[in-house]
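First residue of the sequence shown? That's 58 in the working numbering, and the numbers climb one at a time after it.
All remarks here apply to the structure that follows.
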Amino acid sequence: METQSLAELEQDRSQPEPRTFAPPAALYSKKILITTESLGPINGVTRATQYLIEYFIKHKVKLAVVAPEFEKPENSPLRLLLPLIRVGGLPLFYNPDLRLTYPFRTSKIFQRTFRPDVIYLASPATLGLQIWWQLRQQNIPMVANFQTDLAFYSRLMLPGLLGKFAGDAIDWLTGLYYRDPAIKMTLCPSSSSRDYLLKLGVSPEKIRLVGRGVDCVFFNNQKRSESLRQKLAPNDEVLLLCVSRVSFEKGFDFLAEAYAEISKRAKERGLSQKFRLVVTGGNSNHLIEQNIQGYFEKRGLDTHFSGPLSGEPLAQMYASADIFVYPSVTETFGQVIQEAMASGLPVVARREGGPADIVLSDETGYLAEPNDVSAFADYTLKLIEDAALRHRMSQTARALAENRSWDGINQQIAEILAEFAN
């Protein structure tokens, strides 16, 4: 990825953005069905889909939404604003907030909503694939957004040959799905996900790179909380923050190893500056949470697990930290990195997937090679030791984030849907 200097970023910021990001006029007469594998649990796909739904509601575009049922009470105001259909499913062991949806008939969904002019499939898996399979020959155009690399997850989560077999099978199905003529366009959030789709034989003409926005009003360093700092860093520690679902595939084993190396080197150097790691996130399967916390406990590492946060508490947590550390290599994008940058945090991540596109190395943070624990530790320790470097990268990170808006991203998606709507 070609990097930008701070001067170029400042020049970009001086360019006025359009006052509004309205959908194209042709879309106002169309009916849109949005299907998503996740609407309720806190994750990148949920946030991106939620912003898109709210964008269409704001602009009074007619739409309905289909999503798996969510085990927590349904308190979303979306139910009052549009048809929201929940489909039953079997919770996944490693993340019960995600579900394998049971078989259903699209005709029954249409009876409760409408027959759409175009379908938007957000991160299609067991729900989106059923929609595609049942409607692929009914002349309803579909636009899919590839946001989750299921094959990579399978190879990572399942042992040995089982993981390889599952990954290969998902690769085959993914290629079949995205190459299908019913899928008129595939959106993807990063260059690595585009390369993966090309490798599966998807035509370059059917792929468009569409990132994600970030709310720079909600996430900003003005929300820094001194009371939270006093609680988490009573001795003025430098706070390292990781915001992530606490799950095996998120690289916490790597982070624990890197944190142990950071602590070891700091002791060897006689570093006077104290530091502490805070992990914000959770998992409905508490056995997995306990297992991952054990990575840090058995090494005697000073780590605080805050549990999952959302809303203002999450924004305050970002703004009250000093460095964002992100160990996952399974991200097609990495929305939490953008939220951290909007909050003024320099980032240390691994050069894999979406983070490799988001982080400008040596300007907004550092990228270590995927398996290089030593480099990850070096970069983090460098930021711990150098407050001036943290400040410079903080300003650059914030400047870059301010150039990205959700309305701008959602307008791109609206234009693509209008292009293919019947």
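Glycine is no exception: its CB is placed at the ideal position from the N, C-alpha and C atoms.
So what does residue i bridge to, in DSSP terms?
i, result
"T453", "BP columns for T453 are empty, so no partner."
"C299", "V336"
"F362", "V336"
"S418", "G422"
"P148", "R156"
"V200", "Y177 and M242"
"L289", "Bridge partners of L289: none, in fact."
"L266", "C245"
In whole angstroms, what is the alpha-carbon distance linking residue i and residue j?
i, j, result
"E369", "L402", "17 Å"
"A425", "C299", "16 Å"
"A458", "T421", "10 Å"
"L446", "A313", "24 Å"
"L417", "L215", "33 Å"
"V404", "S301", "14 Å"
"A454", "F353", "29 Å"
"D406", "R269", "The question names Asp, yet the displayed sequence has Ala at residue 406. Those two C-alpha atoms are separated by around 18 Å."
"R356", "P140", "50 Å"
"L155", "I345", "15 Å"
"E476", "D174", "11 Å"
"E388", "L207", "11 Å"
"N35", "R251", "Because the chain in this structure spans residues 58 to 479, residue 35 falls outside the shown range and cannot be described."
"Q468", "H116", "11 Å"
"K263", "D379", "41 Å"
"L96", "L328", "45 Å"
"R136", "K331", "48 Å"
"L334", "R104", "25 Å"
"D310", "T93", "30 Å"
"R322", "A434", "9 Å"
"E126", "F113", "22 Å"
"R461", "G101", "16 Å"
"M398", "N278", "10 Å"
"D443", "Q373", "23 Å"
Where do the N-terminal and C-terminal ends of the alpha helix (DSSP H) with residue i fall, by residue?
i, result
"L218", "G217 to R236"
"R407", "Element bounds for R407: not the alpha helix (DSSP H) but the beta strand (DSSP E), V404 to R407."
"F433", "V430 to E442"
"K321", "F309 to R326"
"I89", "It is not in any alpha helix (DSSP H) - I89 instead sits in the beta strand (DSSP E) that spans K88 to T93."
"A354", "Before going on, a small fix: residue 354 reads as Glu here, not Ala. H343 to E354 is the extent of the alpha helix (DSSP H) around E354."
"S205", "The amino acid at residue 205 is misidentified as Ser; the sequence shows Thr. Run containing T205: none; DSSP gives neither H nor E here."
"E476", "W463 to F477"
"V392", "Rather than Val, the amino acid found at residue 392 in this sequence is Gln. Counting along the chain, the alpha helix (DSSP H) containing Q392 begins and ends at Q392 to A399."
"S480", "The displayed coordinates of the chain run from 58 to 479. Any statement about residue 480 would go beyond what the structure contains."
"T183", "T183 to L192"
"R172", "From DSSP, R172 is part of no alpha helix (DSSP H); its letter is neither H nor E."
"L135", "L135 to L138"
Answer with buried or exposed for residue i, where buried requires no fewer than 16 other C-beta atoms within 10 angstroms of its C-beta.
i, result
"V274", "exposed"
"P246", "buried"
"R326", "exposed"
"P261", "exposed"
"S367", "exposed"
"G351", "exposed"
"F203", "buried"
"S320", "buried"
"P412", "buried"
"S86", "exposed"
"G145", "exposed"
"L84", "buried"
"Q296", "A small correction: the amino acid at residue 296 is Leu; Gln does not occupy that position in the sequence shown. That one is buried."
"F390", "buried"
For residue i, I'd like the list of residues in its chain whose CB is within less than 6 Å of its CB, leaving aside the five on either flank, ordered along the chain.
i, result
"R76", "Caution applies to R76, whose pLDDT of 48 falls short of 50 and renders its modelled position unreliable; the value that the coordinates give is listed next. The answer is none, since no qualifying residue turns up."
"K307", "S301 and S385"
"S377", "R281, S282, L285 and R286"
"W463", "Y108 and G270"
"Y423", "V405 and Y436"
"V393", "V300"
"K119", "K88"
"G465", "F78"
Between which two residues does the beta strand (DSSP E) harbouring residue i extend?
i, result
"I142", "L141 to V144"
"L178", "V175 to A179"
"P125", "K119 to P125"
"F381", "I380 to Y383"
"L109", "No beta strand (DSSP E) contains L109, which is instead part of the alpha helix (DSSP H) from G101 to K115."
"R162", "Premise fails: R162 is in no beta strand (DSSP E) and is neither H nor E."
Once you ignore the five residues that flank residue i on each side, which residues in its own chain have a CB closer than 8 Å to its CB?
i, result
"G258", "G232 and R236"
"I142", "A121, V122, V123, A124, I166, R169 and T170"
"R212", "G220, K221, A223 and G224"
"A79", "H116 and Q468"
"I227", "L207, A208 and S211"
Below 7 Å CB to CB, which residues in the same chain sit around residue i once its five sequence neighbours on both sides are set aside?
i, result
"T163", "I188, Q191 and L192"
"M199", "I176, L178, W189, A239, I240 and K241"
With a threshold of 6 Å (Cβ to nearest heavy atom), would residue i be considered close to the ligand MN?
i, result
"D443", "For the structure depicted, the ligand MN is absent and the ligand set is empty, with no information on it obtainable."
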